[in-house]
Amino acid sequence: MRDMTPEHALPGSPQRRPGSPRISRRGVLSAAVGAAGLAALGGCGMATGKGEGTITVGSKGFAESWINGELYAQALRALGYQVDLKTNVGSSELIDAALTSGQIDLYPEYTGVIVMSLAGHEDLMESAEQTLDLAREFEASRGVTVLDATPFENKNAIAVTREFAARHNLRTIDDLRGIGEFTYSTYPDNVSGGQGYEAIVETYRLPNMNLRTLSIGLNYQALENGEIDAADVFTTDPQLLRSDLVVLEDTKNLFGFQNVVPCVRDDLLDRVGQDVPDLLNTMSSLLTLEAVQAMNEASAINRLDPAQVARRFLEANDLL
Amino acid sequence: MSGIATPGDPEIPDYGDASRCVIDNGVFCTDWFVQQWPEVFQPALLEHVVMTVVAVAVGFAISFIAAVLAYRRAWLSSPFGAVATFLYTLPPLALFQLLVPVTGLTMVTVEIALVCFTLVILFRAVLAGLLGVPDDAKRAARGMGLDSGQILRMVELPLAIPSIISGLRVATVLTVSIATIAAFVVDAGLGSPILKAISSPFNTQFIGAGALAVLLAFVLDGLLALVGRALTTWTRAKV
Amino acid sequence: MNESQHRTTGPERTERSVSITFDRATKIYPGSETPALDALSLTVEAGELLCLVGPSGGGKTTALMLINRLIDLTSGDIRIGETSITDIGAIELRRKTGYAIQQTGLFPHMTVAQNIAVVPRILGWSAARIDARTDELLELVGLTPTAQWRARYPGQLSGGQQQRVGIARALAADPPLMLMDEPFGALDPITRTAVQDEFLAIHRAVGKTTVFVTHDIDEAIKMGDKIAVLRPGGLLAQLGPPEDLLAEPADDFVASFLGAERGLKRLGLYRLGDLAGEQREPLPDWPRLPAGMTAREALSCATAERADGVIVADGETPERAVPVARLLQPEVSEGAA
């Protein structure tokens with residue numbers, strides 16, 4: 001299973017989009033607790049103090065997902081609903097099981113994760129729209145509605161310094177083919193696997209790409225020090241906002257498409273008004289790459305609490 | 321049918337700049353801590369106090385009844401003690417595993433687990449206190465015509481207070497500590513900032529929250545000690 | 560007839576003292592073959608102080624605890640006045656019985672005043688009444704000024720003081736009878752003597768029916784109006800006033816229990832001042848002793864001085880000589896000086 005538990009956002013380190021195979025200690029703990037939480041499928045799961053009209057929002061344990069969950073929760077409360085926010089629910093499989101069993105009513109998920117991890121598609125997607133359509137179809141077959149997707153995506157990418165890109169005239173990953181030997185870094189668990197080092201080498205035919213494994217948190221530093229030439233990053237890393245870095249285009253769509261969609265149980269939609277899906281769609285439209293990067297920065301660099309970050313964003317956009 | 325939303329034009333708030341201390345992950349960034357106090361630490365501290373007090377109060381109520389019963393019927397003390405000890409030795413996370421399917425990811429789960437950890441301490445403290453009442457006092461009380469309820473209320477319980485207070489102090493400090501683990505289940509209490517900060521890692525956040533937990537334990541312990549002193553003036557009467 | 564003067568029947572005896580009657584009272588503890596108390600029959604008259612003595616296993620503590628139903632009878636009956644104790648509820652009975660034990664059982668967490676007030680409060684006395692009674696009792700047991708002693712805790716008191724508080728507490732609700740289980744056994748000899756004297760004075764003043772258990776024959780002789788000797792197996796060996804026992808023990812067991820100095824102990828029951836003396840001119844050079852001394856002590860003094868007698872010099876009556884022969888037979892020579 002490629003999709004493992006995600007890790008918390010680290011400053012100076014990539015944020016984990018679910019879909020990366022790293023297991024953290026905390027993730028295992030969360031998985032265990034979350035799994036226990038889902039062991040009560042069916043009727044048991046319903047009995048957890050949900051009052052009439054309470055909306056239960058879920059989120060995973062890393063900052064970006066947490067902030068996302070807080071955005072939904074606080075905005076829904078502003079509409080007048082009772083909202084119960086369950087954070088740190090665990091890996092994609094776990095939180096998905098929570099959704100289908102009714103323990104939670106909605107949560108934000110990445111389209112690529114739905115298609116690849118949950119639905120099990122192996123082929124590469126060709127567009128964000130295609131990914132979204134497949135995700136929507138899959139979820140619909142399980143009684144879950146997928147609403148509008150965010151403009152931002154959080155997916156793997158390859159970044160180089162602006163100076164390096166200028167020197168070698170780099171715009172896309174294909175451009176790396178002609179530059180001679182260069183060093184690329186990623187974390188140890190991402191060497192094999194669908195988006196790992198080996199997949200990149202194969203898909204883009206880059207025999208000149210040499211691997212150096214670095215633990216999470218060290219790649220941005222290494223890039224800036226010149227120890228490595230290219231690094232595995234996530235597109236919403238806050239470091240990308242500030243550092244002098246360029247993200248190379250993934251022309252073959254190896255890294256897929258990872259917009260965020262609200263996944264909502266149909267029975268929730270049945271019992272609430274139209275204001276809920278309208279709000280969630282509005283929220284999606286507001287989550288541009290710039291906005292998400294800014295919020296991630298506030299969390300990872302400024303060390304603000306996810307709830308605070310979400311609140312100030314909502315206030316600024318008149319949703320509270 | 322849903323599609324990819326057209327990008328709105330979101331107003332991005334100015335989240336300000338991180339201070340040098342924060343960026344460098346210094347040992348303790350006082351400015352940041354002070355700034356985050358009202359929204360992060362104070363609520364967490366208050367939640368933690370409530371969690372602890374509720375758990376100890378409920379645990380005490382249960383243990384008290386069990387201990388009085390075991391005091392009256394000696395054969396009960398072994399089974400009660402065994403159950404309480406068993407609950408105490410369960411690793412907290414294992415206990416959550418068992419509870420969450422039944423009571424969900426809620427504060428109820430947390431409280432049940434926390435109560436379980438107080439039981440053996442409080443049960444033994446109350447029972448030991450009662451058993452430690454001098455025999456001659458009990459004999460005299462009986463001979464004077466006090467019924468068993470009066471003896472319990474007027475003689476045995478007051479004399480058991482030092483032991484009971486001692487047990488409450490231990491149980492409270494223990495609960496403050498374990499309650500930090502509650503953050504695995506519910507995002508509440510001082511465990512929440514600790515947990516969030518450990519994986520990052522951000523020193524100020526978990527040092528701050530950790531220090532608050534330690535301080536809280538000291539304060540509660542001290543308060544209980546004062547209560548104990550107030551209730552046992554006779555132990556300090558000068559000969 | 561020849562009653563020693565130190566045992567009076569007290570003019571201010573309360574009318575609320577009752578007799579206690581054992582009627583073939585028997586107690587066999589479960590799992591035991593021999594009875595702890597075997598068909599004991601005796602009566603303690605109202606206002607009397609009965610000492611129960613005997614070796615361990617004699618059943619004296621058992622007998623005491625049967626009275627206030629801390630233990631229940633196997634067969635037979637015990638009556639308080641005319642009423643069988645089985646007709647009175649155990650709790651109610653105990654609240655009407657003063658109970659004092661060797662370790663006092665004072666409640667360490669209560670002050671002296673609070674200890675004394677325990678039973679009166681349960682009986683619903685008003686605070687004012689309790690206060691007055693507490694002061695009265697503290698004066699009675701010699702703990703004055705009362706204001707100072709009321710607020711002390713048992714842990715601040717000496718053994719003797721604790722026993723006195725224990726007695727005060729037992730008397731608090733003015734019960735018609737008192738039960739005392741070796742109350743002075745844990746005190747050192749000097750304190751014990753003082754407290755015994757105090758208690759005798761109290762008993763004279765208050766005159767409650769008292770059953771007093773002790774293993775110390777000398778204490779029994781000193782304290783008791785009557786003594787009941789119990790032998791192992793819970794059987795009554797002899798019952799009677801101390802001088803009768805000392806003069807005529809019923810059997811060898813009683814005799815050996817009274818001890819080899821039984822004769823001398825009997826002399827201790829008589830006061831020098833009560834013995835007839837001789838007016839002699841001139842008075843012999845014998846030791847001069849106060850009238851309050853016992854005949855036994857006088858004999859000891861005469862022996863120590865190698866004199867043939869003693870001079871009674873009490874300052875009021877003319878001095879008189881009492882030869883040793885008179886000391887040895889005090890019952891014959893009792894009479895006015």
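Chains as they are written, first to last, in this note's numbering: chain A, 1 to 320; chain B, 321 to 559; chain C, 560 to 896.
Think of the CB as a built atom: it goes at the ideal place given N, C-alpha and C, for glycine as much as any other residue.
A contact is defined here as three or more CB-CB pairs under 8 Å, and the stretch 328-336 of chain B fails this definition with respect to the stretch 357-372 of chain B. Boundaries of the beta strand (DSSP E) around Gln-82/A: 82-86.
For the set Ile-481/B, Gln-470/B, Leu-540/B, Val-475/B, the Cα lying nearest the Cα of Arg-489/B is the one of Leu-540/B. Within the DSSP secondary-structure output, Ser-127/A pairs in no beta bridge. Distance check between Ala-706/C and each of Val-671/C, Pro-808/C, Asp-631/C, Arg-688/C places Val-671/C closest, using alpha-carbon atoms only. Residue-level contact by beta carbon holds for Glu-331/B and chain A, with a gap shorter than 8 Å. Collapsing the DSSP output to three states places Lys-767/C in coil. Gln-221/A sits in a helix when the DSSP states are folded into three classes. Apart from the 5 residues on each side of it in sequence, Val-435/B sits with its Cβ closer than 8 Å to the Cβ of Ala-375, Val-378, Gly-379, Ile-382 in its chain, given in chain order. Under the Cβ criterion (8 Å, minimum of three pairs), the stretch 222-229 of chain A does not count as touching the stretch 280-288 of chain A. Taking the beta carbon of Pro-327/B as reference, the chain A residues within 8 Å of it are Pro-151, Ser-285, Thr-288, listed in sequence order.
Taking all protein chains in view, the Cβ of Asp-275/A is surrounded by fewer than 16 other Cβ atoms within 10 Å, so the residue is classified as exposed. A distance below 8 Å between beta-carbons, with the five flanking residues on each side excluded, links Leu-365/B to the following residues of its chain, in chain order: Leu-510, Leu-532, Leu-536. For Phe-538/B, the number of other beta carbons within 10 angstroms of its own is below 16, and it is reported as exposed. Using beta-carbon distances, Gly-714/C counts as an interface residue toward chain B, with a partner under 8 Å. If only complete runs of 4 or more residues are kept, the stretch 784-815 of chain C shows the alpha helix (DSSP H) at 801-806, in order along the chain.
Using a Cβ distance threshold of 8 Å, Asn-154/A and Gln-258/A count as a contacting pair. Distances from the alpha-carbon of Ala-584/C to those of Leu-623/C, Trp-845/C, Pro-841/C put Leu-623/C closest. Residues of chain B with a Cβ closer than 7 Å to the Cβ of Arg-136/A are, in chain order, Ser-322. Here DSSP, grouped into helix, strand and coil, assigns Ala-732/C to coil. The Cβ of Gly-606/C sits no closer than 8 Å to any Cβ of chain B. In this structure, Glu-249/A keeps its C-beta atom at 8 Å or more from the C-beta atom of Thr-150/A. In this model, Tyr-107/A and Ala-75/A are separated by some 14 Å (Cα to Cα). If you draw a straight line from the Cα of Leu-831/C to the Cα of Trp-845/C, it is about 14 Å long. In this structure, the CA atom of Ala-390/B is about 13 Å from the CA atom of Leu-442/B.
Scanning its chain for C-beta atoms nearer than 8 Å, with the 5 sequence neighbours on each side dropped, one finds around Ala-753/C the residues Gly-719, in chain order. Residue burial is scored here from C-beta neighbours: Ala-687/C has fewer than 16 other C-beta atoms within 10 angstroms and is therefore classed as exposed. By the neighbour-count criterion, in which a residue is buried when 16 or more other Cβ atoms sit within 10 angstroms of its Cβ, Ser-512/B is buried.
Within 9 Å of the CB of Asp-244/A, no CB atom of chain B is found; the nearest one sits about 17 Å away. Counting other Cβ atoms within 10 Å of its Cβ, Leu-798/C reaches 16 or more and is therefore classed as buried. Judged by beta-carbon spacing, Phe-416/B lies beyond the 8 Å limit of Ile-498/B, meaning their Cβ atoms are not closer than that value. Within the same chain, and ignoring the five residues on either side of Gly-530/B in sequence, the residues whose Cβ sits closer than 7 Å to its Cβ are Ile-514. Among the residues of chain C, those whose CB is under 9 Å from the CB of Leu-479/B are Phe-666, Pro-667, His-668, following chain order. Three or more Cβ pairs closer than 8 Å define a contact, and the stretch 302-316 of chain A falls short of that threshold against the stretch 123-135 of chain A. In this structure, the CA atom of Gln-673/C is about 34 Å from the CA atom of Trp-395/B. Against Arg-653/C, the close residues of chain B are Arg-462, Gly-463, Met-464, Gly-465, Leu-466, in the order they occur along the chain (beta-carbon pairs closer than 9 Å).
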